Amino acid sequence: MMFSGFLLGLAVVFSFFSTEAEAHAADFQVGSTGQGVTELQYTLQKLGYFDVAPTGYYGPVTKQAVSRFQHDFGVPSTGYTGELTRNALDRAEMMAHVVHGEARGESFEGQVAVAAVILNRVQSPEFPNSTYHVIFQRNAFTAVNDGQYGLTPNASAYRAVKEAMRGWDPSSGATYYYNPAGVTDTWIYTRSVIKTIGKHHFAK
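Heads up: the sequence shown is residues -25 to -1, 1 to 179, going by mature numbering (1 follows the signal peptide of the UniProt record, and there is no 0).
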(Lines of atoms letter the chains of each structure in order from A and count residues from 1; the text may use other names and numbers.)
(Lines give C-alpha, C1' and ligand atoms only; values in the text may rest on other atoms or scores of the structure.)
Protein backbone atom coordinates (compact mmCIF):
# COMPACT_ATOMS: atom_id res chain seq x y z
CA MET A 1 0.00 0.00 0.00
CA MET A 2 2.86 2.37 0.82
CA PHE A 3 4.45 1.67 -2.57
CA SER A 4 1.13 2.32 -4.34
CA GLY A 5 0.84 5.61 -2.49
CA PHE A 6 4.37 6.52 -3.54
CA LEU A 7 3.57 5.82 -7.20
CA LEU A 8 0.39 7.89 -6.96
CA GLY A 9 2.40 10.72 -5.47
CA LEU A 10 4.90 10.54 -8.30
CA ALA A 11 2.07 10.63 -10.86
CA VAL A 12 0.61 13.75 -9.25
CA VAL A 13 4.02 15.45 -9.16
CA PHE A 14 4.75 14.52 -12.77
CA SER A 15 1.35 15.83 -13.88
CA PHE A 16 1.97 19.09 -12.00
CA PHE A 17 5.36 19.68 -13.58
CA SER A 18 4.08 18.68 -17.04
CA THR A 19 1.29 21.21 -16.68
CA GLU A 20 3.69 23.88 -15.49
CA ALA A 21 6.10 23.16 -18.33
CA GLU A 22 3.30 23.38 -20.89
CA ALA A 23 2.19 26.73 -19.49
CA HIS A 24 5.62 28.32 -19.23
CA ALA A 25 6.86 27.03 -22.58
CA ALA A 26 3.64 27.86 -24.40
CA ASP A 27 3.94 28.82 -28.04
CA PHE A 28 0.42 30.21 -28.00
CA GLN A 29 -1.92 31.38 -25.27
CA VAL A 30 -4.77 33.84 -24.87
CA GLY A 31 -3.77 37.03 -26.69
CA SER A 32 -1.47 35.33 -29.23
CA THR A 33 -2.03 36.21 -32.89
CA GLY A 34 -0.63 35.30 -36.27
CA GLN A 35 -0.41 32.58 -38.91
CA GLY A 36 0.61 29.95 -36.37
CA VAL A 37 -2.61 30.50 -34.45
CA THR A 38 -4.60 30.29 -37.69
CA GLU A 39 -2.98 26.95 -38.51
CA LEU A 40 -3.67 25.68 -35.00
CA GLN A 41 -7.32 26.67 -35.30
CA TYR A 42 -7.56 25.00 -38.71
CA THR A 43 -6.18 21.73 -37.30
CA LEU A 44 -8.54 21.88 -34.34
CA GLN A 45 -11.37 22.52 -36.78
CA LYS A 46 -10.49 19.41 -38.81
CA LEU A 47 -10.55 17.38 -35.61
CA GLY A 48 -13.94 18.78 -34.62
CA TYR A 49 -12.88 20.96 -31.70
CA PHE A 50 -13.09 24.42 -33.27
CA ASP A 51 -16.52 25.22 -34.67
CA VAL A 52 -15.99 28.72 -36.09
CA ALA A 53 -13.85 30.13 -38.88
CA PRO A 54 -10.13 30.49 -38.03
CA THR A 55 -9.31 34.08 -37.10
CA GLY A 56 -5.64 34.01 -36.13
CA TYR A 57 -6.52 35.28 -32.65
CA TYR A 58 -6.09 33.02 -29.61
CA GLY A 59 -9.10 33.96 -27.53
CA PRO A 60 -11.35 32.13 -25.06
CA VAL A 61 -12.93 30.02 -27.83
CA THR A 62 -9.54 28.76 -28.96
CA LYS A 63 -8.43 28.13 -25.40
CA GLN A 64 -11.55 26.05 -24.76
CA ALA A 65 -11.01 24.10 -27.99
CA VAL A 66 -7.38 23.40 -27.08
CA SER A 67 -8.40 22.30 -23.59
CA ARG A 68 -10.95 19.83 -25.00
CA PHE A 69 -8.37 18.48 -27.44
CA GLN A 70 -5.84 18.10 -24.63
CA HIS A 71 -8.33 16.21 -22.49
CA ASP A 72 -9.07 13.70 -25.25
CA PHE A 73 -5.43 13.24 -26.29
CA GLY A 74 -3.94 12.74 -22.85
CA VAL A 75 -2.32 16.15 -22.45
CA PRO A 76 -2.79 18.27 -19.29
CA SER A 77 -5.78 20.52 -19.99
CA THR A 78 -4.13 23.91 -19.62
CA GLY A 79 -5.64 25.60 -22.65
CA TYR A 80 -2.13 26.68 -23.61
CA THR A 81 -0.39 25.30 -26.70
CA GLY A 82 3.15 24.14 -25.96
CA GLU A 83 5.36 21.20 -26.85
CA LEU A 84 3.09 18.50 -25.39
CA THR A 85 0.12 19.79 -27.33
CA ARG A 86 2.10 20.23 -30.54
CA ASN A 87 3.27 16.63 -30.30
CA ALA A 88 -0.29 15.42 -29.75
CA LEU A 89 -1.48 17.40 -32.78
CA ASP A 90 1.31 15.84 -34.84
CA ARG A 91 0.23 12.36 -33.72
CA ALA A 92 -3.36 13.10 -34.70
CA GLU A 93 -2.22 14.30 -38.12
CA MET A 94 -0.10 11.19 -38.74
CA MET A 95 -2.93 8.90 -37.70
CA ALA A 96 -5.39 10.71 -39.97
CA HIS A 97 -3.04 10.14 -42.93
CA VAL A 98 -2.93 6.41 -42.18
CA VAL A 99 -6.70 6.15 -41.74
CA HIS A 100 -7.35 7.99 -45.00
CA GLY A 101 -4.72 6.02 -46.91
CA GLU A 102 -5.80 2.65 -45.57
CA ALA A 103 -9.56 2.91 -45.03
CA ARG A 104 -11.13 5.86 -46.85
CA GLY A 105 -13.45 3.45 -48.68
CA GLU A 106 -14.60 1.82 -45.46
CA SER A 107 -17.44 2.73 -43.11
CA PHE A 108 -16.79 5.24 -40.34
CA GLU A 109 -16.66 2.35 -37.89
CA GLY A 110 -14.02 0.69 -40.06
CA GLN A 111 -11.98 3.89 -40.10
CA VAL A 112 -12.11 4.21 -36.31
CA ALA A 113 -11.03 0.58 -36.07
CA VAL A 114 -7.90 1.30 -38.13
CA ALA A 115 -7.07 4.25 -35.88
CA ALA A 116 -7.61 2.03 -32.85
CA VAL A 117 -5.16 -0.55 -34.19
CA ILE A 118 -2.45 2.13 -34.22
CA LEU A 119 -3.19 2.95 -30.58
CA ASN A 120 -3.31 -0.74 -29.65
CA ARG A 121 0.12 -1.25 -31.18
CA VAL A 122 1.57 1.66 -29.23
CA GLN A 123 0.32 -0.03 -26.05
CA SER A 124 1.54 -3.51 -27.04
CA PRO A 125 5.02 -4.74 -26.03
CA GLU A 126 5.25 -6.38 -29.47
CA PHE A 127 5.46 -2.99 -31.20
CA PRO A 128 7.29 0.34 -30.82
CA ASN A 129 5.89 2.55 -28.07
CA SER A 130 5.30 5.73 -30.06
CA THR A 131 2.81 6.64 -32.76
CA TYR A 132 5.56 7.75 -35.14
CA HIS A 133 7.56 4.54 -34.83
CA VAL A 134 4.45 2.35 -35.07
CA ILE A 135 3.36 4.05 -38.27
CA PHE A 136 6.78 4.09 -39.90
CA GLN A 137 7.90 0.65 -38.77
CA ARG A 138 9.07 -1.23 -41.85
CA ASN A 139 6.17 -2.67 -43.85
CA ALA A 140 3.70 -1.90 -41.08
CA PHE A 141 1.16 -0.05 -43.24
CA THR A 142 0.50 -0.41 -46.95
CA ALA A 143 -0.36 3.28 -47.25
CA VAL A 144 3.14 4.23 -46.12
CA ASN A 145 4.74 1.81 -48.58
CA ASP A 146 2.71 2.79 -51.64
CA GLY A 147 2.57 6.55 -51.03
CA GLN A 148 -1.10 6.87 -50.14
CA TYR A 149 -0.01 8.17 -46.74
CA GLY A 150 0.78 11.40 -48.57
CA LEU A 151 -2.82 11.98 -49.61
CA THR A 152 -4.74 14.76 -47.87
CA PRO A 153 -7.00 13.20 -45.22
CA ASN A 154 -10.71 13.94 -45.42
CA ALA A 155 -12.89 15.08 -42.52
CA SER A 156 -13.96 11.51 -41.76
CA ALA A 157 -10.36 10.42 -41.16
CA TYR A 158 -9.84 13.16 -38.59
CA ARG A 159 -13.10 12.34 -36.84
CA ALA A 160 -12.12 8.68 -36.75
CA VAL A 161 -8.85 9.53 -35.02
CA LYS A 162 -10.70 11.66 -32.50
CA GLU A 163 -13.16 8.89 -31.66
CA ALA A 164 -10.38 6.33 -31.27
CA MET A 165 -8.52 8.67 -28.93
CA ARG A 166 -11.71 9.09 -26.91
CA GLY A 167 -11.79 5.34 -26.33
CA TRP A 168 -13.88 3.78 -29.10
CA ASP A 169 -12.23 0.58 -30.34
CA PRO A 170 -14.44 -1.23 -32.89
CA SER A 171 -11.52 -3.62 -33.55
CA SER A 172 -11.94 -5.19 -30.08
CA GLY A 173 -8.26 -4.77 -29.26
CA ALA A 174 -6.78 -5.87 -32.59
CA THR A 175 -3.17 -5.15 -33.42
CA TYR A 176 -3.42 -6.26 -37.06
CA TYR A 177 -5.88 -5.88 -39.91
CA TYR A 178 -5.87 -6.87 -43.55
CA ASN A 179 -7.98 -7.09 -46.66
CA PRO A 180 -7.99 -10.75 -47.78
CA ALA A 181 -8.26 -9.64 -51.40
CA GLY A 182 -4.96 -7.79 -51.21
CA VAL A 183 -2.79 -10.08 -49.08
CA THR A 184 0.77 -10.44 -50.40
CA ASP A 185 2.30 -12.12 -47.34
CA THR A 186 0.48 -15.23 -46.14
CA TRP A 187 2.08 -14.84 -42.70
CA ILE A 188 -0.87 -12.66 -41.74
CA TYR A 189 -3.08 -15.76 -41.82
CA THR A 190 -1.27 -17.01 -38.71
CA ARG A 191 -2.97 -14.27 -36.69
CA SER A 192 -6.35 -14.96 -35.07
CA VAL A 193 -9.18 -12.98 -36.63
CA ILE A 194 -11.40 -11.46 -33.95
CA LYS A 195 -13.63 -9.22 -36.03
CA THR A 196 -14.53 -8.30 -39.59
CA ILE A 197 -15.60 -4.77 -40.49
CA GLY A 198 -16.26 -4.11 -44.15
CA LYS A 199 -13.38 -5.51 -46.20
CA HIS A 200 -10.94 -5.63 -43.30
CA HIS A 201 -10.28 -8.58 -41.02
CA PHE A 202 -9.02 -7.47 -37.60
CA ALA A 203 -6.70 -9.82 -35.77
CA LYS A 204 -4.30 -10.30 -32.86
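Quick reminder that beta carbons are idealized off the backbone N, C-alpha and C, glycines included.
Keep in mind that this is a model prediction, so the values were computed, not measured.
Straight-line spacing of the CA atoms in ALA178 and SER167 works out to 5 Å. If one requires a minimum length of 4 residues, the alpha helix (DSSP H) runs lying completely within the segment 47 to 114 are 58 to 78, 83 to 98, 106 to 110, in chain order. Non-local beta-carbon contacts of PRO103 in its own chain, meaning distances under 7 Å to residues more than five positions away in sequence, involve VAL109, GLN112 in chain order.
By the Cβ test, the segment 52 to 70 is in contact with the segment 129 to 146, since at least three Cβ pairs between them sit closer than 8 Å. DSSP places TYR33 in the coil class of the three-state scheme, outside both helix and strand. Annotated three-state conformation of PHE44 is helix, per DSSP. When the five nearest sequence neighbours on each side are left out, the beta carbons in the same chain lying within less than 6 Å of the beta carbon of PRO29 are those of THR13, GLN16, TYR17, in order along the chain. Taking all protein chains shown into account, ASP160 has fewer than 16 neighbouring C-beta atoms within 10 Å of its C-beta and is therefore exposed. Looking at ALA156, ASP26, GLU81, the one whose alpha-carbon comes closest to that of ALA132 is GLU81. Judged by their CB atoms, PRO128 and ALA91 are not nearer to each other than the 8 Å cut-off. The three-state reading of DSSP puts LYS137 in helix, counting H, G and I together. Distance from the CA of GLN98 to the CA of VAL36, rounded to the nearest whole angstrom, comes to 33 Å.
The Cβ atoms of ASP2 and GLY9 lie no closer than 8 Å to each other. For the pair SER52 and LEU22, the Cα-to-Cα distance works out to about 17 Å.
For VAL119, the enclosing alpha helix (DSSP H) begins and ends at 117 to 121. Check the Cα spacing between THR117 and each of GLY76, GLN4, SER42: the tightest is with GLY76.
Counting only the Cα atoms, VAL74 lies some 15 Å from ARG96. VAL89 is classed as buried because its beta carbon has at least 16 other beta carbons within 10 Å across all chains shown.
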